[in-house]
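Novice: Using the working numbering, the first residue of the sequence shown is number 2, and each one after it goes up by one.
Note that beta-carbon positions come from the ideal geometry of N, C-alpha and C, so glycine has one too.
Since the structure is predicted, the reported quantities are computational estimates derived from the model, not experimental observations.
There's a structure below that I have some questions on.
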Amino acid sequence: MDVDYLEISGGRPLGGEINVQGSKNAVLPILAACIPGAGECVIENCPLIRDTEDTFHIMRALGYCISRTGDAVRITPADTETYTVERMEAVRIRSSVLFLGALLGKMKKAVLPLPGGCAIGKRPIDLHLRALEALGARFEIGETITAWTDGLYGTEIDLEFPSVGATENTILAAVMAKGETVIRNAAREPEVDELCAFLRQRGASVRREADGSIWVDGQKTLGPAVYRMKADRIVSGTYLLAAAAAGGQVRLINESGETLSALRAVLSQMGAVCSAGENGITVCAAQRVRPVPYLETAPYPGFPTDLQSPLLAVLAGADGESTVCETIFERRFCTAGELLKFGAKIGTRGRCAHITGVPRLHGAAADAPDLRGGAALVLAALQAEGRSVIRNTGYIARGYEDIARDLALLGADIRWADDKAE
Ligand code: UD1
Numbered sequence: 002m003d004v005d006y007l008e009i010s011g012g013r014p015l016g017g018e019i020n021v022q023g024s025k026n027a028v029l030p031i032l033a034a035c036i037p038g039a040g041e042c043v044i045e046n047c048p049l050i051r052d053t054e055d056t057f058h059i060m061r062a063l064g065y066c067i068s069r070t071g072d073a074v075r076i077t078p079a080d081t082e083t084y085t086v087e088r089m090e091a092v093r094i095r096s097s098v099l100f101l102g103a104l105l106g107k108m109k110k111a112v113l114p115l116p117g118g119c120a121i122g123k124r125p126i127d128l129h130l131r132a133l134e135a136l137g138a139r140f141e142i143g144e145t146i147t148a149w150t151d152g153l154y155g156t157e158i159d160l161e162f163p164s165v166g167a168t169e170n171t172i173l174a175a176v177m178a179k180g181e182t183v184i185r186n187a188a189r190e191p192e193v194d195e196l197c198a199f200l201r202q203r204g205a206s207v208r209r210e211a212d213g214s215i216w217v218d219g220q221k222t223l224g225p226a227v228y229r230m231k232a233d234r235i236v237s238g239t240y241l242l243a244a245a246a247a248g249g250q251v252r253l254i255n256e257s258g259e260t261l262s263a264l265r266a267v268l269s270q271m272g273a274v275c276s277a278g279e280n281g282i283t284v285c286a287a288q289r290v291r292p293v294p295y296l297e298t299a300p301y302p303g304f305p306t307d308l309q310s311p312l313l314a315v316l317a318g319a320d321g322e323s324t325v326c327e328t329i330f331e332r333r334f335c336t337a338g339e340l341l342k343f344g345a346k347i348g349t350r351g352r353c354a355h356i357t358g359v360p361r362l363h364g365a366a367a368d369a370p371d372l373r374g375g376a377a378l379v380l381a382a383l384q385a386e387g388r389s390v391i392r393n394t395g396y397i398a399r400g401y402e403d404i405a406r407d408l409a410l411l412g413a414d415i416r417w418a419d420d421k422a423e
């Protein structure tokens, strides 16, 4: 089998403009939200990534017909009464757990393998299960989760932590529950609001209240919808950070920057100039940025954990010392070990990384440890002197349509290669 890797010659400043793919973390719950109700749903600007492909496999096995024309995906409901999620794809993607709420709502029963995802931490699902239980679900858990209910009933749920997935799973079940549900301490991530907007378009009664909680009035008839995905804020963030890593000027045409305020504050701390308007977001950065004395990841609107690894790569070449602390996923610092291969000076202690920026990283061969960690290695290679090779790119393909295509359009010297070509 051919093994794809990325080959990058670093040291060139970036320059150019691109459109950013649709959001992965928004489309995955939206695909699960196509399960209940009737009528075709069309998702435009649907990203063509491994996680959506795996989700389509799961949905086809449930009897849904999925077809793609250009950037739009059409989902036609199933006649079948299947409630079992197939093992192979489900164990690969964490978001497969969202089929629990969606299938319970539709079929009153769901069987699915314990979900997978990136190797970035423990990632339990206790909050999902507790919230669904409060709505009336019962579970048996072994290698698979078997869930059933005699009927879902709206209630008040107070999440112990504002988990994105648990909030989404609860919404997916609550739209089919009898009566009103209020989710307190709900995740404030914009992807949750995209899910609500999509469900409203299908006819659901769901909204975010002024205090951040989510209110759902269940059992509305869910019909067809056409929905256009917004730009993926994490992919946008990766490319803005790429400009900070390599220097240069980059414009993201379809990114409003509204959901990137924490990153924009960090970019300006690093000395990069960012401006957002009707024509997208533009960043302009010198070849060597300033360090960030202290930063913690946090739930939205804080600095996103998904951009922590790419930021680490930028700070590895900054002009001074930085400290970055990870508060969401404990194993993200696997990336630091790979960055050392480029000559980075990073020490990790518990949940914090201390970075001493070096004047120039050097090219290296490194292995993507997870999805965003893989993107971080690409950013290290862009600023490094000489040639780099990034292997294990399957992780990167889970969330980036084509990172080499995008960065090449922005002026990087980057290409896909395989062992046959060596
Ligand atoms: C989603 C995103 C992921 C992002 C993360 C945080 C998708 C597909 N993935 O993941 O890219 O990094 O939000 O913004 O949208 N937790 C529990 N029990 C639970 C659920 C979560 O303890 O039942 C913990 C997790 O271990 C983690 C924290 O809560 O420490 C955050 O997890 P959560 O917000 O649920 O992230 P995901 O939905 O998995």
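Can you tell me the Cβ-Cβ gap for A226 and Q250, rounded? I've got them flagged as a contact below 8 Å.
Specialist: Not confirmed; about 38 Å, so no contact.
Novice: Report yes if the C-beta of R234 is less than 8 Å from at least one heavy atom of the ligand UD1; otherwise report no.
Specialist: no
Novice: Could you check whether R265 and G272 sit closer than 9 Å to each other, using their CB atoms as the reference points?
Specialist: no
Novice: Taking the straight line between their C-alpha atoms, what separation do you get for P191 and T145?
Specialist: Rounded to the nearest angstrom, the two C-alpha atoms are 30 Å apart.
Novice: Give the list of continuous beta strand (DSSP E) stretches no shorter than 3 residues that lie fully inside the region 196 to 256.
Specialist: 206 to 209, 215 to 218, 226 to 229 and 249 to 253
Novice: Give the range of the alpha helix (DSSP H) segment to which V315 is assigned.
Specialist: Q309 to L316
Novice: What are the uninterrupted segments assigned as alpha helix (DSSP H) that are 4 or more residues long and contained completely in the region 113 to 196, given in chain order?
Specialist: 127 to 135 and 165 to 175
Novice: Among L411, A382 and G412, which residue has its Cα nearest to the Cα of Y6?
Specialist: A382
Novice: By the 10 Å Cβ neighbour count, where 16 or more other Cβ atoms means buried, how is I254 classified, buried or exposed?
Specialist: exposed
Novice: Looking at C-beta atoms only, is the number of pairs between the region 29 to 43 and the region 169 to 179 that lie closer than 8 Å three or more?
Specialist: yes
Novice: Just to confirm the assignment: which complete beta strand (DSSP E) runs, minimum length 3, are found wholly within the region 367 to 402?
Specialist: 387 to 392, all fully within the region 367 to 402.
Novice: In chain order, what residues of the same chain lie with their CB nearer than 7 Å to the CB of N186, ignoring the 5 residues before and after it?
Specialist: D159, L160 and P163
Novice: Do you know whose CA, among A314, R388 and D371, lies nearest G358's CA?
Specialist: A314
Novice: Would you say Y301 touches the ligand UD1, meaning its beta carbon is less than 8 Å from a heavy atom?
Specialist: yes
Novice: I need the boundaries of the alpha helix (DSSP H) containing K25, first residue and last residue.
Specialist: K25 to A33
Novice: Between which two residues does the beta strand (DSSP E) carrying C47 extend?
Specialist: Neither: C47 is in no beta strand (DSSP E) and is coded neither H nor E.
Novice: Can we count A198 as close to the ligand UD1, meaning its CB is less than 8 Å from some heavy atom?
Specialist: no
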